[in-house]
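Q: Protein chains in written order, with the working numbering: chain A, 64 to 418; chain B, 64 to 418.
Note that beta-carbon positions come from the ideal geometry of N, C-alpha and C, so glycine has one too.
The following block contains the structure, expressed as structure tokens.
2 protein chains.
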Amino acid sequence: MARGTTQSLPEASEWATTNAMNAPALTSRPAATMDALRALVATDLAKVNRVILTHAHSDIALINDLTAHIVAAGGKRLRPSLTIAAAQLCGYTGERHVNLAACVEFIHTATLLHDDVVDASDLRRGTATANALWGNKSSVLVGDFLFSRAFQLMVADGSLDVLAILSQASAVIASGEVHQLMVSHDLSITQAVYEQVIAAKTAELFAAACELGAVVSNQPQWREPLRRYGHCLGMAFQVVDDALDYRANETDIGKAIGDDFRDGKVTLPVIAAYAKGSTSERTFWEKAFEHGTQVDEATLRQANAYIAKADAFNFSIHVAQQFADDACAALASLPDGTIKDAMVNAAIFAVERSY
Amino acid sequence: MARGTTQSLPEASEWATTNAMNAPALTSRPAATMDALRALVATDLAKVNRVILTHAHSDIALINDLTAHIVAAGGKRLRPSLTIAAAQLCGYTGERHVNLAACVEFIHTATLLHDDVVDASDLRRGTATANALWGNKSSVLVGDFLFSRAFQLMVADGSLDVLAILSQASAVIASGEVHQLMVSHDLSITQAVYEQVIAAKTAELFAAACELGAVVSNQPQWREPLRRYGHCLGMAFQVVDDALDYRANETDIGKAIGDDFRDGKVTLPVIAAYAKGSTSERTFWEKAFEHGTQVDEATLRQANAYIAKADAFNFSIHVAQQFADDACAALASLPDGTIKDAMVNAAIFAVERSY
């Protein structure tokens with residue numbers, strides 16, 4: 064599905080060279096930001112926020128309390144911004160993209176709420192915010208409510224193409240989350256399996272969000288390129304997110320390292336460090352990822368040291384860079400201009416934010 | 064929305080008389096069963112089961128393990144049976160109702176899985192089956208997967224009417240579940256609020272399941288009557304289910320009484336007993352429904368005694384009987400024959416099973 068899924072892990076020196084040859088010379092231009100994209104979508108995004116507020120509303124007070132906390136309060140709105148930008152890039156001048164961008168955000172929020180749900184065994188580690196305040200059941204049911212609202216909005220829009228894209232995305236996301244659960248604590252998974260998981264749980268909704276832009280614009284020839292852009296951008300974002308969990312330095316290690324390691328999520332830095340580790344290092348990882356292990360600060364520090372020794376953080380960033388390059392390349396057939404430039408910048412930023 | 068939602072609670076003697084006058088003389092005819100309905104839908108239901116098996120399948124082993132346990136193993140399939148029977152009653156001869164009946168069952172199963180999710184505070188009481196075996200997260204995510212599969216099947220069917228009916232049903236069910244969570248432990252709720260909750264969490268999917276029969280048959284004039292039949296049948300079923308939680312006699316009280324009482328769910332028997340209770344009885348109920356109360360066997364026994372004293376079980380059955388009567392009446396404009404007779408019998412059975 065994506066580059067790098069079948070290749071074996073290269074030596075650090077090897078990919079560092081490759082990366083240096085392919086990547087833009089970062090020092091010679093200003094740092095990439097999301098600012099241009101944010102400016103282009105700002106007006107439409109304000110409309111999206113109004114749709115979200117209206118359609119997240121319910122007669123049931125608890126639903127409003129929880130959605131006010133998690134969805135109405137606003138986040139980065141990255142995924143709906145992609146729907147808007149993609150529609151603009153396709154020259155769309157109507158209003159359908161506003162409601163559909165809200166659908167994308169509802170599905171994303173439902174996923175976050177459901178990802179908050181914890182098992183009894185996780186409780187000792189504390190819980191995420193919405194769950195800590197309202198509990199498992201509320202998180203699940205309000206997630207279901209938002210998910211259903213998304214489908215009601217799609218039905219009102221009336222396009223079976225849209226419904227097909229987002230119902231598939233929902234099924235793929237759920238599969239990806241279950242897959243992640245299945246392989247948690249499993250150090251034997253390969254980079255390919257890791258990429259399958261994040262392609263499903265993260266990149267699929269990025270891909271769908273972008274593809275919608277071509278659908279509302281009635282530009283079917285751009286569905287696949289925009290889908291590819293979204294997929295690769297989502298992969299880059301997730302790989303970087305997972306890498307940042309291990310960016311700790313000696314002074315703030317207890318804070319910065321962490322959540323994934325504690326949760327037993329086997330992400331790319333761990334796969335890389337484990338693959339290159341000595342016998343004693345591999346034993347360390349196996350012990351740390353055993354079910355039920357309580358991770359203390361010394362273990363966190365040691366994990367970080369092994370990640371650094373294997374150059375596994377930088378390896379992850381290199382993989383993310385490849386996905387970002389692919390994202391930019393996917394836009395080749397789309398119209399040049401400020402919108403495309405902003406989307407290219409978003410892909411570069413997805414990786415640069417890790418520096 | 065339904066009869067009885069605004070009326071004050073009648074004296075037991077009063078409604079007993081009313082009931083005796085309106086109800087068929089039960090001793091003069093054979094007991095109602097679901098057998099006729101089951102026989103009529105058997106062939107189509109076998110097809111539904113094949114669709115369920117095919118579409119619940121996934122590449123992810125954990126999804127298959129869990130769906131094999133909860134959906135493929137089969138249950139009563141009451142809701143999909145209603146879709147099939149309603150389509151037959153409308154004279155439908157096509158195949159669309161098979162996939163749509165599977166959608167209804169997927170949504171029902173997703174709801175069950177999500178209803179299984181427990182908060183930390185519930186764990187001491189033990190958990191429902193799927194959750195106990197696989198945990199909260201699996202229950203949530205596999206529920207999401209089945210829910211998404213339902214929407215994919217609807218998209219493949221291609222009818223926006225169908226999508227509107229089932230996306231609305233999903234939103235209403237989620238709202239109803241949240242509403243139920245909000246009013247749990249709340250003895251001040253009225254019969255009207257109780258009926259609002261069960262109308263949303265239970266009767267809405269019965270109504271939708273039946274309405275689909277008219278949609279696939281292209282008989283729009285029968286959508287509302289079938290919806291009404293489904294709503295009233297669902298209400299009758301849920302009221303009886305809730306009443307049966309208090310059917311315990313002295314010998315098996317610890318087993319038969321229970322789950323709702325332990326969960327702090329304020330159902331109709333409790334509302335009726337609390338409304339008619341003496342000061343000391345009301346104090347008992349208030350104490351028993353306080354958050355965090357551990358219900359022991361003596362408390363269960365006492366609750367049952369007060370339910371019996373207030374004749375609150377029989378009052379609930381009387382309310383259910385009214386809904387069953389309304390269900391039968393709703394079918395007046397539909398074609399007479401064996402299918403309608405079977406659906407009428409199903410409504411009578413919904414109440415008679417409590418005797």
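Taking its Cβ as the centre, do 16 or more other Cβ atoms sit within 10 Å of Gln-243 of chain A, making it buried, or is it exposed?
A: Mapped onto the first sequence, residue 243 of chain A falls at position 180. Burial call: buried.
Q: Cα separation between Thr-314 of chain B and Ala-368 of chain B?
A: Taking the second sequence and counting its residues from 1, the one referred to as residue 314 of chain B is at position 251. Taking the second sequence and counting its residues from 1, the one referred to as residue 368 of chain B is at position 305. Below a pLDDT of 50, predicted positions are generally treated as unreliable, and Thr-314 of chain B, at 47, falls in that range; the measurement from the model is reported next regardless. One C-alpha to the other measures close to 13 Å.
Q: Grab me the residues of Ala-410 of chain B's own chain with a C-beta within less than 7 Å of its C-beta, minus the 5 sequence neighbours each way, in chain order.
A: Position 347 of the second sequence holds residue 410 of chain B. Excluding residues within five positions, the ones whose Cβ falls inside 7 Å are Leu-296, Ala-299, Ala-387, Ala-390, Cys-391.
Q: One question on the structure: do Ser-202 of chain B and Leu-176 of chain B come within less than 8 Å of each other, judged by their Cβ atoms?
A: What you label residue 202 of chain B is simply residue 139 of the second sequence in a count that begins at 1. What you label residue 176 of chain B is simply residue 113 of the second sequence in a count that begins at 1. Yes, these two residues count as a Cβ contact at 8 Å.
Q: Flag Gly-41 of chain B as yes if its beta-carbon sits less than 8 Å from any beta-carbon of chain A, otherwise no.
A: Here chain B comprises residues numbered 64 to 418, so residue 41 of chain B is not present and cannot be evaluated.
Q: Check the C-beta distance from Phe-214 of chain A over to Ser-230 of chain B and give it rounded, since I have them as a contact under 8 Å.
A: Position 151 of the first sequence, counted from the start, is the residue given in the question as residue 214 of chain A. Position 167 of the second sequence, counted from the start, is the residue given in the question as residue 230 of chain B. Contact holds; Cβ gap of about 4 Å.
Q: So, is the C-beta of Ala-413 of chain A closer than 8 Å to a C-beta in chain B?
A: Working through the first sequence from its first residue, we reach residue 413 of chain A at position 350. No, Ala-413 of chain A lies away from the interface with chain B (no Cβ there is under 8 Å from its Cβ).
Q: Kindly list, in the order they appear in chain A, the residues whose Cβ is closer than 9 Å to that of Val-134 of chain B.
A: For the purposes of this step, residue 134 of chain B is identified with residue 71 of the second sequence, where counting begins at 1. Under the 9 Å cutoff, chain A gives no residues; its nearest Cβ is about 14 Å from Val-134 of chain B.
Q: If you draw a straight line from the C-alpha of Asp-305 of chain B to the C-alpha of Ile-147 of chain A, how long is it?
A: Position 242 of the second sequence holds residue 305 of chain B. Position 84 of the first sequence holds residue 147 of chain A. Asp-305 of chain B and Ile-147 of chain A: Cα-Cα distance of roughly 48 Å.
Q: Over the uninterrupted alpha helix (DSSP H) stretch that includes Lys-403 of chain A, give me the two end residues.
A: Numbered from its first residue, the first sequence carries residue 403 of chain A at position 340. Residues 401-415.
Q: Got a sec, what are the start and stop residues for the alpha helix (DSSP H) Ser-211 of chain A sits in?
A: As a first step, residue 211 of chain A must be located in the first sequence, where it is residue number 148. Per DSSP, Ser-211 of chain A belongs to the alpha helix (DSSP H) from 199-220.
Q: Beta-carbon of Val-167 of chain B versus every beta-carbon of chain A: anything under 8 Å?
A: For this step, residue 167 of chain B is matched to residue 104 along the second sequence. Output row for Val-167 of chain B: interface = no.
Q: Can you find a C-beta in chain B that's less than 8 Å from the C-beta of Leu-226 of chain A?
A: What you label residue 226 of chain A is simply residue 163 of the first sequence in a count that begins at 1. So, interface residue.
Q: At a CB-CB cut-off below 8 Å, which residues of chain B make contact with Arg-212 of chain A?
A: Position 149 of the first sequence, counting from 1, holds the residue named residue 212 of chain A. Residues of chain B passing the Cβ test: Ala-234.
Q: Within the same chain, show all residues whose beta-carbon is closer than 7 Å to that of His-171 of chain B, passing over the 5 residues directly before and after it, in chain order.
A: Numbered from 1 along the second sequence, position 108 holds the residue referred to as residue 171 of chain B. Excluding positions up to five away in sequence, the list reads Arg-142, Leu-268.
Q: When you compare only the Cα positions, how much space is there between Asn-281 of chain B and Leu-108 of chain B?
A: Against the second sequence, residue 281 of chain B aligns to sequence position 218. Against the second sequence, residue 108 of chain B aligns to sequence position 45. Spanning the two alpha carbons is a distance of roughly 21 Å.
Q: Taking only three categories from DSSP, how would you classify Tyr-155 of chain B?
A: As a first step, residue 155 of chain B must be located in the second sequence, where it is residue number 92. Tyr-155 of chain B: coil per DSSP, three-state reduction.
Q: Would you say Ala-94 of chain B reaches chain A, if we count a Cβ-Cβ gap shorter than 8 Å as a contact?
A: Sequence index remark: in the second sequence, residue 94 of chain B carries index 31 (1-based). No, Ala-94 of chain B lies away from the interface with chain A (no Cβ there is under 8 Å from its Cβ).
Q: Rounded to whole angstroms, how far is the Cβ of Cys-273 of chain A from the Cβ of Ala-131 of chain A, which I believe are closer than 8 Å?
A: Along the first sequence, read from residue 1 onward, the residue named residue 273 of chain A stands at position 210. Along the first sequence, read from residue 1 onward, the residue named residue 131 of chain A stands at position 68. In fact, because the Cβ distance is near 29 Å, the residues do not count as touching under 8 Å.
Q: Checking 8 Å against the spacing of the C-beta atoms, do Ala-95 of chain A and Asn-408 of chain A come in under that value?
A: Counting from 1 along the first sequence, the entry for residue 95 of chain A is found at position 32. Counting from 1 along the first sequence, the entry for residue 408 of chain A is found at position 345. For Ala-95 of chain A and Asn-408 of chain A, yes; Cβs fall inside 8 Å.
Q: According to DSSP, is Ile-310 of chain A part of a helix, a strand, or is it coil?
A: Residue mapping note: residue 310 of chain A aligns to position 247 of the first sequence, counting from 1. The question names Ile, but residue 310 of chain A is Arg in the sequence shown. Arg-310 of chain A: coil per DSSP, three-state reduction.
Q: Mind checking if Lys-200 of chain A is an interface residue toward chain B, Cβ cutoff 8 Å exclusive?
A: Walking along the first sequence from the start, residue 200 of chain A turns up at place 137. Yes - at least one Cβ of chain B is within 8 Å of the one on Lys-200 of chain A.
Q: Under 6 Å Cβ to Cβ from Val-279 of chain A, same chain only, skipping five residues before and after it: list those, please.
A: What you label residue 279 of chain A is simply residue 216 of the first sequence in a count that begins at 1. Excluding positions up to five away in sequence, the list reads Ala-150, Tyr-155, Arg-159, His-160.
Q: Look at Leu-204 of chain B and Val-329 of chain A and say whether their C-beta atoms are less than 8 Å apart.
A: Residue mapping note: residue 204 of chain B aligns to position 141 of the second sequence, counting from 1. Residue mapping note: residue 329 of chain A aligns to position 266 of the first sequence, counting from 1. No; because the gap between Cβ atoms is not below 8 Å, this pair is not in contact.
Q: Going straight from the alpha carbon of Gln-385 of chain A to that of Lys-110 of chain A, what length do you get?
A: By 1-based counting over the first sequence, the position of residue 385 of chain A is 322. By 1-based counting over the first sequence, the position of residue 110 of chain A is 47. In a straight line, the C-alpha of Gln-385 of chain A is about 34 Å away from that of Lys-110 of chain A.
Q: Roughly how many angstroms separate the alpha carbons of Gly-206 of chain B and Val-180 of chain B, rounded to a whole number?
A: The sequence position of residue 206 of chain B within the second sequence is 143, counting from 1. The sequence position of residue 180 of chain B within the second sequence is 117, counting from 1. Taking the straight line from one Cα to the other gives about 11 Å.
Q: Please report how far the alpha carbon of Ala-338 of chain B lies from the alpha carbon of His-294 of chain B, in whole angstroms.
A: Here residue 338 of chain B refers to the residue found at position 275 when the second sequence is read from its first residue. Here residue 294 of chain B refers to the residue found at position 231 when the second sequence is read from its first residue. Using only the alpha carbons, I get a separation of about 26 Å.
Q: Would you verify that the beta carbon of Val-303 of chain A is, or is not, closer than 8 Å to some beta carbon of chain B?
A: Stepping through the first sequence from its first residue, residue 303 of chain A is reached at position 240. No, its Cβ sits nowhere closer than 8 Å to a Cβ of chain B.
Q: What does Glu-240 of chain B reach in chain A if we use C-beta pairs closer than 7 Å?
A: Your numbering for residue 240 of chain B matches position 177 in the second sequence. Near Glu-240 of chain B (Cβ distances below 7 Å), the residues of chain A are Leu-204.
Q: Determine, using beta carbons only, whether Ile-123 of chain B comes closer than 8 Å to chain A.
A: Here residue 123 of chain B is taken as the residue at index 60 of the second sequence, counted from 1. Yes, Ile-123 of chain B counts as interfacial toward chain A.
Q: Please state whether the Cβ-Cβ distance between Gly-327 of chain B and Ala-373 of chain B is less than 8 Å.
A: Looking up residue 327 of chain B in the second sequence gives position 264. Looking up residue 373 of chain B in the second sequence gives position 310. No, they are not a contact pair.
Q: Within 10 Å of its beta-carbon, does Ala-266 of chain A have 16 or more other beta-carbons around it, so buried, or fewer, so exposed?
A: Here residue 266 of chain A refers to the residue found at position 203 of the first sequence. Result: buried.
Q: Would DSSP call Phe-386 of chain A helix, strand or coil?
A: Position 323 of the first sequence, counting from 1, holds the residue named residue 386 of chain A. Three-state result, Phe-386 of chain A: helix.
Q: Distance cutoff 8 Å, beta carbons only. Does Ala-319 of chain B sit that close to anything in chain A?
A: In the second sequence, the residue the question calls residue 319 of chain B occupies position 256. Reliability fails at Ala-319 of chain B, whose pLDDT of 48 lies under 50, so the model's placement of it is uncertain and the value that follows must be treated cautiously. It does not: the Cβ of Ala-319 of chain B has no partner Cβ on chain A nearer than 8 Å.
Q: Less than 8 Å separating the beta-carbons of Leu-331 of chain B and Val-302 of chain B?
A: Along the second sequence, read from residue 1 onward, the residue named residue 331 of chain B stands at position 268. Along the second sequence, read from residue 1 onward, the residue named residue 302 of chain B stands at position 239. Against a cut-off of 8 Å, the Cβ pair of Val-302 of chain B and Leu-331 of chain B comes out as a contact.
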